[in-house]
Every structure is written in structure tokens, then in C-alpha cells.
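2 protein chains.
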Amino acid sequence: MLDVTPSPSETGLQAHAARGTKPSFMNSHEIKVACSNCNLRELCMPLGLRPEELDKIDEVVATRRKVKRGATLFSNGDSFTSLYAIRTGFFKTCITTADGRDQVTGFQMAGEIIGLDGIVNDHHTCNAVALEDAEVCVMPFDRIEELSREVAALQRHVHKIMSREIVREHGVMLLLGSMRAEERLAAFLLNLVQRLHARGFSKSELLLRMTREEIGSYLGLKLETVSRTFSKFAEEGIVEVKQRHVRILNTEALKLIVNNNQQPCQ
Amino acid sequence: MLDVTPSPSETGLQAHAARGTKPSFMNSHEIKVACSNCNLRELCMPLGLRPEELDKIDEVVATRRKVKRGATLFSNGDSFTSLYAIRTGFFKTCITTADGRDQVTGFQMAGEIIGLDGIVNDHHTCNAVALEDAEVCVMPFDRIEELSREVAALQRHVHKIMSREIVREHGVMLLLGSMRAEERLAAFLLNLVQRLHARGFSKSELLLRMTREEIGSYLGLKLETVSRTFSKFAEEGIVEVKQRHVRILNTEALKLIVNNNQQPCQ
DNA sequence: CGACACCTTGAAGAGGTTCAAGAAATGTGG
DNA sequence: CCACATTTCTTGAACCTCTTCAAGGTGTCG
Chain P
16 MLDVTPSPSE TGLQAHAARG TKPSFMNSHE IKVACSNCNL RELCMPLGLR PEELDKIDEV
76 VATRRKVKRG ATLFSNGDSF TSLYAIRTGF FKTCITTADG RDQVTGFQMA GEIIGLDGIV
136 NDHHTCNAVA LEDAEVCVMP FDRIEELSRE VAALQRHVHK IMSREIVREH GVMLLLGSMR
196 AEERLAAFLL NLVQRLHARG FSKSELLLRM TREEIGSYLG LKLETVSRTF SKFAEEGIVE
256 VKQRHVRILN TEALKLIVNN NQQPCQ
Chain V
16 MLDVTPSPSE TGLQAHAARG TKPSFMNSHE IKVACSNCNL RELCMPLGLR PEELDKIDEV
76 VATRRKVKRG ATLFSNGDSF TSLYAIRTGF FKTCITTADG RDQVTGFQMA GEIIGLDGIV
136 NDHHTCNAVA LEDAEVCVMP FDRIEELSRE VAALQRHVHK IMSREIVREH GVMLLLGSMR
196 AEERLAAFLL NLVQRLHARG FSKSELLLRM TREEIGSYLG LKLETVSRTF SKFAEEGIVE
256 VKQRHVRILN TEALKLIVNN NQQPCQ
């Protein structure tokens, strides 16, 4: 079954809302697209399914939802109902504490899944904020679980997505726990550009969707340090930086900075 | 069905090994214990199951495996077959990189599940090392997935375990990204003692299973800083420290250190 | 008991932060 | 469409936290 329901409203989390209608005001972004022929399929859905399994997978997405730049998809405390596959746009997820601390826990782009934090306690513990106008596929978790019980490949896929997130966070812990500012920023840039490249964008040019402060929060640095480190990389001819426009001139140099671990030789 | 197979050897990962026999050399730790009447059940297994579901759950554990202090349960690169529920003992998990970096990603105790990192790429990306003699239940992941498709409560439970790990790591990111040394160590102590207390141990006394260096790696600090911070807490009468023996004298003070976030008032 | 691993403490130094000021970009309203 | 307000970014200087290096103490295990 195709997913054809547009995001009806900002509160559009009604998982089992009417489906199969195509309102006339639907714009080009809301054209019928099934998971089975979505061009992000290889990013967010399992591969190698049989046709009848593919049909079932298409039922995972209940609705779409648009999120304007600066708006939140979900916030700390919201009850958990769904995972979200990002179709377009760019998000940050962050946690905030009572005493005013704030930590960006990740930046997510098209094809990535957010909302996994909500499963354990049936409510979200972080905020997901769109850093540019975005659209997500709303996938009610009950339905994911139901279909996972029927389609082993989907089950395995869901497990892999969660495991991947765990492994990613291990990498962030390594970064935060053992890297110096230059190493952190180099690793950050390489990671971003690699993910963008996997989506068909340039290997060397990128537009940062987040502020220096958000980068700093993610990397455990102050915004001034991020800015200074960008300037240093620019002086050394490794990157060209014009505000949020970054061109990587020497990828190898960045890799060296990350790997060559300038610790005094143990 | 009860799990009665003792860990036959260090290579004891044969998931479907012969079961139902009880060799005469089996010691008290290897006595028949089914998940359904394991005293760690509420920590590692779902609650509120029907009897027939409980019977199935008991099939999850294929074997037990003992791990001596200092030995690894699995290492980076090992192929992934199973998750492990810790029955007794204490583990650390850490990642190591080619350039010699090392990051402890967690400390795990009885009732906790390790091995989730291996799901995504079918091999492990971190090392699990026993910090004291330990025993784990080996749960072949294929079997977990199979049973999850039949028992929705188990499926939900597995999802919650993975989500919990993601949320835990968010907390570590907050710690590493935004806390000062004292805050990190205070948060670490509170977390440890809280988990120990949930297992029936003291609220105020604990025996550290890991070295200062391992604590430091986890907290993103050098071992000297960990040591100094312990000394500082001791001077202030917040804790009593004798090597690895720690007695918390003022839990509230620790909480204040973590929450009261001595940043200059924003 | 001696070797080894682990822990503590001091002093000097480095890396990152804080505070401050100004420049550049972005958004808004007339 | 321009002027103005706001946000974001850059850069400098002083400061502080944590690290580094070093030495000695403590505990443990064969």
C-alpha cells in the first residue's frame, strides 16, 4: 500500500489517520511516494525484500510531517509514539537539564532515523529541532513492532539502526573523551562531508546548517574555540571558510589531524 | 525449558550446544537457574509475561560462560553472535583505535546486557573486559530475534534495552561535553552507587572495580585528575577514600556538585 | 620479600575558556 | 528596497582548569 497522506498539521501524529486520499492542495513535496520506491530507501529501509514484504513495509509510514526551520519535531517529555525518518532537511537533537546545561547529541540528515531515545520510557528525553525546513516520515512505533514480528528483515533492520546509533555514540564518546579541539573539529568535518557525499553531495564542499555554538556544544567546545579552530585550519590552507560555507582543500590533512594523535609518544 | 549448560570453555559460544545435562563437576554457580526464576529477572527480562511466554523466554539463554578477571568476553573485530546478560561480576567496555587512543565506553554490572554494538555490522567494535571474575548468560541473537517475533513483550523489552543504552550514552555525552572534573566524578559516583543500590548493595559504600586510569578514560580525564578530585572530595568531607574503597558521607553535596552547575550565571 | 601495578601529590605548562569588542551576515519593518 | 536591529562570527588578552612530568608512597601477588 502506498503512503499518500500528507502531514495534515503540526500536530499530525495521528498514526492511523485516514489514508489513501490525496487532497487537492497537496504540493509537489507531498506527491505519492511509497517507501518501496523512495529514493532514500537504501538509507532507511532494509534491502533484498520480497515483493509481498515490500508491500508491508510501505505500511510503516503513516503520515508525513513538515517541520519549519527552528521548530521542534519532538521535545523532552513528549510522549513517544513514533520514529521519524528524515526525508528532507536537517535536524539537531539535544538534551537540556534543569540546571541549564545543554548538549547537542547529534545532527541528522535525510535518510536518518530519529526518536529512538523515546522507546525506553515511552516519552522523549531529548529535543529534535529542525535546522532547516524539513519533512519527516512518521512511523508509529506500534506499527513498526507489529510488522517487525512478521517481516524478519525489517526486524533485523530496526535492530541495526539502534545498534548503529549506539556505535555512533561510542565514537562521540571517544571524540569527547580523548581528542583535542583540532582533532574534534577535523573529525566532525570529515564525518559530515562523508555523510553528505553518501547522499550525492560534494566530497569537499559543505554548507553548515548549524551555528558555531551548536557545533561547539556537540564537540564539547566553546563557540570561540570552534571559530578559532576554523581560522587555524584556514590559515594552514586545509579548509576555506566563509561563515557557514566550508570547502575542504586538503582532506588528507584533516585525516592526519584525527589519526595522528599528537600525544607525546606514549 | 531450563538452562542447565555450564560454560564448557573459553570458546563456549556454541549457541545450540547440547543442553539438559548437568556434569558432576558443576559448581554452585552453575546450578540450574532458569530466567523465569533467576533473581536478576526484573533487571534483564520483561515482566508480566504469561506462563507459556515465560517458558519460551527460558530458551533465550543457550549457555553460561565464565570470564576470569582481566579476560575479555569479546573484542573488537570478533564476529557477533550473541548478547550477554551479566549474572555476576563487573565489566568495562572500551574502544581502541589504530592510533592508540582508548576510550572506556561503560562499566556494566549484574543484570545488564552487553554486546549491542555488534548487531549493526555483525562484528563487535569494542572490547568487553571482566574487571572481576564474572559469569554471563550467552543469548544467541538469532534466537532472541526469533523469539521476539513470537513474544511481543520480549520484542518490546529488547527495544527498550537498546533505547536505554542510547539514552545512557546521551548522559555520558552531556557529562563529557559540559561538565568539569568534579562534576564528572560526582556524577560517576552517584550513578555507580545508585545502580549498586538497585542490586541490594549499600547506598553509601562501594568498592571500585576499576583503576583510576579506567575511571579517567570513561570520564575524559587523566588518572591524576581523578585522584586529585577524590582527594579534594575527601578533604571536604564528602567522601572517604581508601584506594578503591569509597564511602559517600554526603550524597547531597555530590548532587549539588552535579546539578548546581557552577557556570557564571549564564 | 621483592617485583609490579596502582595511587597520590607537587610544580610547571598548555590548551581551552572567559570576557570583551567589533565585524559580518541576516532578518524585519517601514 | 533600504535602514536598523539582531544574531552570528571573529579576534585579542587574561585567566583557569586540567595535563604533563616527576617522584615517592601504598598495596598486592607470586
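If you're matching them up, the sequences are chains P and V in order. Per the working numbering, the first sequence starts with residue 16, numbered consecutively. Per the working numbering, the second sequence starts with residue 16, numbered consecutively. We put the beta carbon where it would ideally sit given N, CA and C, even for glycine. In this text, all values refer to a predicted model and were calculated from it rather than measured experimentally.
Backbone secondary structure at residue i - three-state DSSP
i: A268/V; result: helix
i: L88/V; result: strand
i: R183/P; result: helix
i: K107/V; result: strand
i: P66/P; result: helix
i: N42/P; result: Summary for N42/P: the model assigns pLDDT 41, below 50, so the residue's position carries little reliability; its value from the coordinates is reported in the next sentence. Note: N42/P maps to coil in three-state DSSP.
i: M177/P; result: helix
i: E251/V; result: coil
i: F216/P; result: coil
i: L55/V; result: coil
i: R227/V; result: helix
i: N274/V; result: helix
i: C50/V; result: helix
i: N142/P; result: strand
CA-to-CA distance, residue j to residue i, given in whole angstroms
i: M225/P; j: N91/P; result: 20 angstroms
i: A168/V; j: G63/V; result: 8 angstroms
i: K218/P; j: L190/V; result: 32 angstroms
i: L269/V; j: F203/V; result: 10 angstroms
i: R243/V; j: I176/V; result: 35 angstroms
i: V119/P; j: N275/P; result: 26 angstroms
i: R179/P; j: G130/V; result: 12 angstroms
i: L69/P; j: G115/P; result: 45 angstroms
i: H172/V; j: E250/V; result: 44 angstroms
i: L98/V; j: A125/V; result: 14 angstroms
i: V82/V; j: N54/V; result: 20 angstroms
i: F245/P; j: E239/P; result: 10 angstroms
i: E267/V; j: L205/V; result: 10 angstroms
i: L295/V; j: D148/P; result: With chain V covering 16 to 281 only, the question about residue 295/V has no answer from this structure.
i: V208/V; j: G104/V; result: 16 angstroms
i: A76/P; j: I159/V; result: Rather than Ala, the amino acid found at residue 76/P in this sequence is Val. Going from the Cα of V76/P to the Cα of I159/V covers about 26 angstroms.
i: S232/P; j: G121/P; result: 10 angstroms
i: A49/P; j: C59/P; result: 12 angstroms
i: C109/P; j: L88/P; result: 12 angstroms
i: R210/V; j: Q123/V; result: 10 angstroms
i: F106/P; j: V241/P; result: 20 angstroms
i: I272/P; j: M188/V; result: 22 angstroms
i: V153/V; j: L221/P; result: 45 angstroms
i: T112/P; j: S193/P; result: 24 angstroms
Neighbouring residues, chain V, relative to residue i (Cβ below 7 angstroms)
i: R116/P; result: L189, S193, N276
i: I110/P; result: H185, L189
Cutoff 9 angstroms: residue i Cβ touching any chain V Cβ
i: S232/P; result: yes
i: E67/P; result: no
i: R227/P; result: no
i: R224/P; result: no
i: T36/P; result: Confidence in T36/P is poor, its pLDDT being 37 and thus under 50, which makes the residue's placement unreliable; the coordinate value appears in the next sentence. No, no contact with chain V.
i: S94/P; result: no
i: R164/P; result: yes
i: A268/P; result: no
i: I263/P; result: no
Closer than 9 angstroms at the beta carbon, the chain V residues around residue i
i: R171/P; result: I134, E160
i: G235/P; result: M188, L191, G192, S193, G235
i: M154/P; result: Going along chain V, no residue has its Cβ under 9 angstroms from M154/P, so there is no contact; the nearest lies around 13 angstroms.
i: T103/P; result: Going along chain V, no residue has its Cβ under 9 angstroms from T103/P, so there is no contact; the nearest lies around 24 angstroms.
i: A167/P; result: E160, E161, R164
Cβ of residue i within 9 angstroms of any chain P Cβ
i: P279/V; result: Because P279/V carries a pLDDT of 42, less than 50, the predicted location of this residue cannot be relied on, and no value is offered for it.
i: K175/V; result: yes
i: T240/V; result: no
i: R214/V; result: no
i: E197/V; result: no
i: E180/V; result: yes
i: V254/V; result: no
Where residue i meets chain P, residues with beta-carbon distance less than 7 angstroms
i: R259/V; result: Going along chain P, no residue has its Cβ under 7 angstroms from R259/V, so there is no contact; the nearest lies around 22 angstroms.
i: T120/V; result: H185, M188
Within chain P, partners of residue i - CB distance below 8 angstroms
i: A113/V; result: N274
Taking a Cβ distance cut-off of 7 angstroms, strictly less, list which residues of the stretch 125-149 of chain P are near chain V, in chain order.
-> Flagged, chain order: L131, D132, I134, V135, T140, C141.
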